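Student: Residue numbers (my numbering): 6 to 431.
Here you go, one structure.
Have a look at this one:
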């Protein structure tokens, strides 16, 4: 460094000069590997026709790999020479109007960048850290698409005062149609979900005398206990004579998944777990969680299970986004990048309490293996007519086997991460 003054200065005389012309006029000798776009960004240009933001010669030298002598010439040409008026740093007063008309006033002295604005938004509107959003000024379109052009319309006065409207694009899961959910997962809106082969949703079946992880009981004794519990619940809740309410269905669902969770170490069952994705948000009826990964359980509030598909698919997409975001320390990934960061299938269970459909999303694995979505046949727990523990037991085994399969995939993912290898699952 050569000790040049770091005062931010007026650049009015080069306001409309294209950068190429400016460089020629001051006879800069640039390294040929430095392109104009890099220099524009580093020196504060919004476009080649805009103002060269005031920076010290040292900063230009450091950011652009310029020889300090060349940086000094550029700095002087921008108004740093003797006799040029010194311009005070610009001040921005930006009012961000968010959801529910919440307002935040942000005051900035100096150069305004899109990155700084987005950081301020996330700091005061945390949901914007995961949800997609638009940011508009007056009647403009989303200013993020043309941030530099929008800022240039605000003028060059020393103090800029503007209002920006922030709109989160994430909506409640229950608002998703089937087509919406498919699109969120990356499929066409008319994608056909094929019914999977019987082997897709199976895993090694436990013997009745198998010891359960962390329990003194055997699998057979737990199975008997939960089958009896379901029969007692059915009787107490008046099924099937009384049309089950949402709470009634939940009472029937919970023992099934408690059994599944007891079979595997490190898993836990959480009710009303909230998920925030870029386009969808809200609580899950249940989630079986291993670290941050979730096997989702969605309670269908409609007569036909298929009518709840949109909600279940949106929850799948949002949960995958959230898992990746937490693994990469809060960074919001593009939806197109999620499969690369999480090459593990996701399982979602749609249930009315007595009937179940299992959905499995298989992420893309290169061009040879595009993403796909399959579903199981409809399973029914025999709670509609007269029932007994013996008739329920075979069906109770379906959910534990599904969770075992997802659990195995996750262990492979962790092992691959530790070894620095990439694994794919078919």
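For glycine and all other residues, C-beta sits at the position ideal for the given N, C-alpha and C.
Bear in mind the structure is a predicted one, so any value in this text is a computation, not a measurement.
(1) Once the 5 residues before and after residue 380 are set aside, which same chain residues still bring their CB inside 7 Å of it?
(2) Given residue 375, which residues of its chain have a CB within under 7 Å of its CB, disregarding the five upstream and five downstream residues?
(3) What span of residues does the alpha helix (DSSP H) with residue 231 cover, start to end?
(4) Rounded to a whole number of angstroms, what is the C-alpha to C-alpha distance between residue 96 and residue 150?
(5) Cα separation between residue 100 and residue 114?
(6) State yes or no: is the C-beta of residue 282 within less than 8 Å of the C-beta of residue 314?
(7) I think residue 223 touches residue 232, with their Cβ atoms under 8 Å apart; what is that distance to the nearest whole Å?
(8) Short of 8 Å in beta carbon distance, which residues of its chain neighbour residue 29, apart from the five on each side in sequence? Order them along the chain.
(9) Could you check which residue in 269, 264, 284 and 259 has the C-alpha nearest to that of residue 277?
(10) According to DSSP, what are the bridge partners of residue 272?
(11) Quick one: is residue 514 buried, meaning 16 or more other Cβ sit within 10 Å of its Cβ, or exposed?
(12) Going by beta carbon distance, what residues of the same chain come within less than 7 Å of residue 168, once the five residues before and after it are set aside?
(13) Whole angstroms is fine: what's the gap from residue 54's alpha carbon to residue 166's?
(14) Alpha carbon to alpha carbon, how far is residue 319 from residue 185? Give it in angstroms, no decimals.
(15) Which residues in the same chain have their Cβ closer than 6 Å to the Cβ of residue 178, if we skip the five residues on either side of it in sequence?
(16) If you draw a straight line from the alpha carbon of residue 129 to that of residue 143, how long is it in whole angstroms?
(17) Buried or exposed for residue 271, please, with buried defined as at least 16 other CB atoms from any protein chain shown within 10 angstroms of its CB.
(18) Which value, in whole angstroms, describes the spacing of the CA atoms of residue 155 and residue 131?
(19) What does DSSP give as the partner residues of residue 361 in its beta bridges?
(20) I need the DSSP call for residue 392, collapsed to helix, strand or coil.
(21) Per DSSP, what kind of secondary structure is residue 98 in: helix, strand or coil?
(22) Nearest to residue 266 by alpha carbon, out of 127, 396, 384 and 401?
(23) What does a CB cutoff of less than 6 Å around residue 367 pick up in its chain, not counting 5 residues either side in sequence?
(24) Whole angstroms is fine: what's the gap from residue 133's alpha carbon to residue 329's?
(25) Could you check if residue 104 is buried or exposed, using at least 16 other CB atoms within 10 Å of its CB as the buried criterion?
(26) For residue 98 and residue 140, what's the separation of their Cα atoms in angstroms?
(27) Return no unless some Cβ of chain B is closer than 8 Å to the Cβ of residue 372.
(28) Taking the beta strand (DSSP E) that residue 343 belongs to, which residues open and close that run?
(29) Which value, in whole angstroms, describes the spacing of the CA atoms of residue 273 and residue 111?
(30) Could you check what DSSP says for residue 113 in three-state terms: helix, strand or coil?
(31) Measuring alpha carbon to alpha carbon, tell me which residue in 230, 227, 175 and 253 is nearest residue 239.
(32) Between which two residues does the alpha helix (DSSP H) harbouring residue 126 extend?
(33) Thinking C-beta only, is residue 322 closer than 8 Å to residue 189?
(34) Measuring only the C-alpha atoms, how far is residue 236 from residue 399?
(35) Using a 10 Å radius around the Cβ and a threshold of 16 neighbouring Cβ atoms, would you call residue 309 buried or exposed?
(36) Tell me whether residue 164 sits in a helix, a strand or coil according to DSSP, three-state version.
Tutor: Quick answer:
(1) Your numbering for residue 380 matches position 375 in the chain shown. Same-chain partners within the cutoff: 198, 200, 201, 362, 363 and 364.
(2) Here residue 375 is taken as the residue at index 370 of the chain shown, counted from 1. These residues qualify, in order along the chain: 369.
(3) In the chain shown, residue 231 corresponds to position 226, counting from 1. 224 to 241 is the span of the alpha helix (DSSP H), which, as asked, contains residue 231.
(4) Here residue 96 is taken as the residue at index 91 of the chain shown, counted from 1. Here residue 150 is taken as the residue at index 145 of the chain shown, counted from 1. Approximately 23 Å between the Cα atoms of the pair.
(5) Locating residue 100 in the chain shown gives position 95, where the first residue counts as 1. Locating residue 114 in the chain shown gives position 109, where the first residue counts as 1. Rounded to the nearest angstrom, the two C-alpha atoms are 15 Å apart.
(6) Numbered from its first residue, the chain shown carries residue 282 at position 277. Numbered from its first residue, the chain shown carries residue 314 at position 309. No, these two residues do not count as a Cβ contact at 8 Å.
(7) Here residue 223 is taken as the residue at index 218 of the chain shown, counted from 1. Here residue 232 is taken as the residue at index 227 of the chain shown, counted from 1. Actually they are not in contact, since the Cβ atoms of residue 223 and residue 232 sit about 14 Å apart, beyond 8 Å.
(8) Taking the chain shown and counting its residues from 1, one reaches residue 29 at position 24. Since pLDDT at residue 29 reaches only 49, below the 50 mark, its modelled position is unreliable, and no value is offered.
(9) Working through the chain shown from its first residue, we reach residue 277 at position 272. Comparing Cα positions, the closest option is 259.
(10) Looking up residue 272 in the chain shown gives position 267. Partner(s): 295.
(11) The requested residue 514 does not occur in the structure, where the chain is confined to residues 6 to 431.
(12) Stepping through the chain shown from its first residue, residue 168 is reached at position 163. Once the five neighbours on either side are set aside, the close Cβ partners of residue 168 are 100 and 102.
(13) The count along the chain shown starts at 1 and reaches residue 54 at position 49. The count along the chain shown starts at 1 and reaches residue 166 at position 161. For residue 54, the predicted structure reports a pLDDT of 27, less than 50, and the residue's modelled location is therefore unreliable. A value from the coordinates is still provided. Between residue 54 and residue 166, the C-alpha separation is close to 23 Å.
(14) Here the question's residue 185 lines up with position 180 in the chain shown. Here the question's residue 319 lines up with position 314 in the chain shown. Rounded to the nearest angstrom, the gap between the Cα atoms of residue 185 and residue 319 is 8 Å.
(15) The sequence position of residue 178 within the chain shown is 173, counting from 1. Closer than 6 Å at Cβ, skipping near neighbours: 285, 287, 316, 319 and 320.
(16) On the chain shown, position 124 is the one that residue 129 refers to. On the chain shown, position 138 is the one that residue 143 refers to. Rounded to whole angstroms, residue 129 to residue 143 spans 21 Å at the Cα level.
(17) Walking along the chain shown from the start, residue 271 turns up at place 266. So residue 271 counts as exposed.
(18) Translated into the one-based positions of the chain shown, residue 155 becomes position 150. Translated into the one-based positions of the chain shown, residue 131 becomes position 126. Their backbone Cα atoms lie some 24 Å apart in a straight line.
(19) On the chain shown, residue 361 is found 356 positions in, with the first residue counted as 1. The partner list for residue 361 (beta bridge, DSSP) reads 356 and 384.
(20) Reading the chain shown from its first residue, position 387 is the one you call residue 392. It is coil, neither helix nor strand.
(21) Walking along the chain shown from the start, residue 98 turns up at place 93. In this structure, residue 98 counts as strand in the three-state DSSP scheme.
(22) Residue numbering aside, residue 266 sits at position 261 when the chain shown is read from its first letter. Minimum Cα distance to residue 266 is reached at 401.
(23) Your numbering for residue 367 matches position 362 in the chain shown. If we look at residue 367 and ignore the five residues flanking it on each side, its Cβ neighbours are 350 and 377.
(24) Here residue 133 is taken as the residue at index 128 of the chain shown, counted from 1. Here residue 329 is taken as the residue at index 324 of the chain shown, counted from 1. Roughly 16 Å separates the two Cα atoms.
(25) As a position in the chain shown, residue 104 is number 99, starting the count at 1. Result: exposed.
(26) On the chain shown, residue 98 is found 93 positions in, with the first residue counted as 1. On the chain shown, residue 140 is found 135 positions in, with the first residue counted as 1. In a straight line, the C-alpha of residue 98 is about 16 Å away from that of residue 140.
(27) The structure shown contains no chain B; it holds only a single protein chain.
(28) Mapped onto the chain shown, residue 343 falls at position 338. Not the beta strand (DSSP E): residue 343 falls in the alpha helix (DSSP H), residues 343 to 346.
(29) Position 268 of the chain shown, counting from 1, holds the residue named residue 273. Position 106 of the chain shown, counting from 1, holds the residue named residue 111. Going by the C-alpha atoms only, they are around 42 Å apart.
(30) Along the chain shown, one-based indexing puts residue 113 at 108. Correct three-state label for residue 113: strand.
(31) Here residue 239 corresponds to residue number 234 of the chain shown, with the count starting at 1. The candidate whose alpha carbon is nearest that of residue 239 is 253.
(32) On the chain shown, residue 126 is found 121 positions in, with the first residue counted as 1. Unbroken alpha helix (DSSP H) run through residue 126: 119 to 129.
(33) What you label residue 189 is simply residue 184 of the chain shown in a count that begins at 1. What you label residue 322 is simply residue 317 of the chain shown in a count that begins at 1. Yes, the Cβ-Cβ distance between residue 189 and residue 322 is below 8 Å.
(34) Stepping through the chain shown from its first residue, residue 236 is reached at position 231. Stepping through the chain shown from its first residue, residue 399 is reached at position 394. C-alpha separation (whole angstroms): 14 Å.
(35) Sequence index remark: in the chain shown, residue 309 carries index 304 (1-based). Exposed: under 16 other Cβ atoms inside 10 Å.
(36) For the purposes of this step, residue 164 is identified with residue 159 of the chain shown, where counting begins at 1. If DSSP states are grouped into helix, strand and coil, residue 164 belongs with the strands.
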